[in-house]
Amino acid sequence: MRGAGVIAAVVIMVVILIGAGFYALVIADDAGGSVGFQSNELVEPLTPMAKLPNTTIPGELTQAPIAAGNMNLYWNITEDIYAGYGGALQLKIENRNPGSMFVYSFGLRWVDGETYQRNCSVTIASGQSGSLGLLIFGAPEAGNRQYQIIVGAAVSNAGETLWYDSGSMPSTPNSVRVQALTSSYGANTSYNHREYYNRVNERIDQKAVDTVVEDIQKRFPGGYNLLQVAEAFEWTKNNIAYQAEASGDYWQSTGETMGMRSGDCEDHALVISSIIDGLGGSARVNIIREHAFPTVFIGTTESDLLKAERSIASYYGMEVSEYRMSYLIDEHGYWMVIDTTGFPYAGGLPAKSEPTTADGGWTVLSEYLVCIDVTGKTSTSLLGMF
Ligand SMILES: [Ca+2]
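Our numbering numbers the first residue of the sequence shown as 17 and each following residue consecutively.
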């Protein structure tokens, strides 16, 4: 699976390197140095592993069936699902059985096709709801298709003295249109365009997010690491409402967005970039046609990339084989996408982008890609061309 993803990424790298060479020559700050990150300033995150789910049924098993099928399923699924590449969903269950439910797996099964499932470890009391988390799934060829949500669970009697393993239970089928893969736009990539560089960095504000940063560091202690980055992604997605602008393109400062608790894509990008900056990491805001999305530096080598994928997968309770990361490559290394308005997880496909291969290649839907380093500094040189 990794092979084709790397091939796609290498194509992107060539484009970016050409852009980097060009802009390095023409952009300089007041002191005559180039603006943006130097290689030795980029901070590589640590890659700790979160605990994977324990799927052991939490009690004495009985062979005498206890009915378990009385539940309501709620799921958010990516608006677009692509041939081969698939999509992502988040599942929530309301337990309407008289006893507790222990859910040890869930997934998506294409009718007449493949099944994608993963382990989880969620106990839900009678009458309560529980979130099972994230599933990243593949898909069949383009066209009208049907899928079922499947839930693997055990249910207890009312006193929780005995548990019965109900196995894998499917939902009724749901219809969806699977989209065809697209071709790469071959976006022309440039770096630290002065106007955008200042527009981004004037609005970066560590102080406006310092309580969020402290809270993330308490929950995921130790040095700057990728579990903190995933938590920053989830915090921003869950606490800043997405609010499209009625007209115009107003870039809120981080302080404004934190006050309003809402904003559109660039406002989200600036908040999460400020949090990454506060955590000690290196972020970027990437501007494309009708969209802006952030990325975070994760390392220089393929081995760094794999460690990063394992760490982020573990944050979501997944094996690395169940996870897929979208990233960009340039002369510095790998930059993971953290677009809180795109696919609903750290490393998910950004908005205004589409997959180009079943194995993880993707393209922005834009003729240009302007990458802006989040340094928190602005550049005021009148000598610069940009
Ligand atoms: Ca805005």
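Note that the Cβ used here is the ideal one computed from N, Cα and C, for glycine as well.
*Using the C-alpha atoms, what's the distance from Arg215 back to Thr391?*
12 Å
Mind checking whether the beta-carbon of Glu338 lies closer than 8 Å to any heavy atom of ligand 3? You won't find ligand 3 in this model; what it holds is ligand 1.
Find out if the Cβ-Cβ distance for the pair Val380, Thr311 is shorter than 9 Å.
no
Who does Glu110 pair with in a DSSP beta bridge?
Asn88, Ser145
With distance defined between alpha-carbon atoms, name the residue in Tyr266, Ala367, Ser298 nearest to Tyr388. In the sequence as displayed, the identity of residue 388 is Ile instead of Tyr. Selected option, being the one with the closest Cα: Ser298.
*asked:* On the CB-based measure, 16 or more other CB atoms within 10 Å of its CB, does Leu105 come out buried or exposed?
replied: buried
For Asp283, is the beta carbon positioned less than 8 Å from some heavy atom of ligand 1? yes
Query - Run of the beta strand (DSSP E) containing Tyr350, from where it starts to where it stops - result: 350-353
Here's the rule I'm using: 16 or more other beta-carbon atoms within 10 Å means buried, otherwise exposed. How should Gly37 be labelled?
For Gly37, the predicted structure reports a pLDDT of 36, less than 50, and the residue's modelled location is therefore unreliable. The matter cannot be settled from this model.
Beta carbon of Glu76 nearer than 9 Å to that of Leu243
no
Residues near Glu52 by beta carbon distance below 6 Å, same chain, minus five either side: The sequence given here has Gly at residue 52, not Glu. Cβ neighbours of Gly52 beyond the five flanking positions: Asn208, Asp389.
Coarse secondary structure for Glu318, derived from DSSP in three states: helix
Is it true that the CB of Ala170 sits closer than 9 Å to the CB of Ser182? yes
(Q) Is the beta carbon of Val127 closer than 9 Å to that of Ile140? (A) no
DSSP bridge partner residues for Ala170 (one or two, in chain order): Phe118, Asp181
By a C-beta neighbour count over all protein chains shown, 10 Å radius and 16 as the cutoff for buried, is Gln144 buried or exposed?
exposed
- Among Tyr332, Ser369, Ser327, Arg326, the one whose alpha carbon lies nearest that of Leu344: Ser369
>> Using a 10 Å radius around the Cβ and a threshold of 16 neighbouring Cβ atoms, would you call Arg235 buried or exposed?
In response: exposed
- Query: Considering only residues of the stretch 254-296, which uninterrupted alpha helix (DSSP H) runs meet the minimum length of 4 residues and lie entirely inside it, listed in chain order?
  - Reply: 270-276, 281-295
(Q) Whole angstroms are fine: how far does the CA of Ala83 sit from the CA of Glu378? (A) Before going further, note that residue 378 is Trp rather than Glu in the sequence given. If you take the alpha carbons of Trp378 and Ala83, they lie about 44 Å apart.
Discussion item. Starting from Gln195, trace the beta strand (DSSP E) in both directions and tell me its first and last residue.
Written reply: 190-195
Is Val42 helix, strand or coil by DSSP?
-> Only weak support exists for where Val42 lies, its pLDDT of 39 falling under 50; the coordinates are left without a value.
May I ask you to check if the CB of Tyr266 is nearer than 8 Å to at least one heavy atom of ligand 1? yes
Requested in this report: Could you please give the first and the last residue of the uninterrupted beta strand (DSSP E) stretch that includes Tyr384?
Outcome: 384-389
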